[in-house]
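Following: one structure in structure tokens, then a few remarks.
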Amino acid sequence: MTEPNPAPQLVARTPLGSTIEAVGGDLYRVCDGSHHCRTVPGLWQAQELAHQAELMHRHPEQLP
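Basically the working numbering = 1-based index in the sequence shown + 244.
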């Protein structure tokens, strides 16, 4: 029997409304203020994605 995934934990919220949540393992979900999200490996990559999305005024899933 597998254990249920724990609820995502908020790691950071920016003044523009972007969030980074730890979703388990080394995965992080980055969401903008409009709830467009992308999951990436590693906190550093999540921070960079949130920063670039806000800097470029793009949704996280639109960035490489």
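The C-beta atom is built at its ideal place from N, Cα and C for all residues, glycine as well.
Item, Value
"Pick out whichever of Gln296, Ala290, Met300 has its Cα sitting closest to the Cα of Ala256.", "Ala290"
"If we call anything under 7 angstroms between Cβ atoms a contact, is Leu293 one with Val274?", "yes"
"From the DSSP output, in three-state form, read off Pro308 for me.", "coil"
"To the nearest angstrom, how far is the alpha carbon of Thr263 from that of Gly269?", "18 angstroms"
"Excluding the five sequence neighbours on either side, which residues of its own chain have a C-beta within less than 7 angstroms of the C-beta of Glu298, listed in chain order?", "Thr258, Leu260, Ser262"
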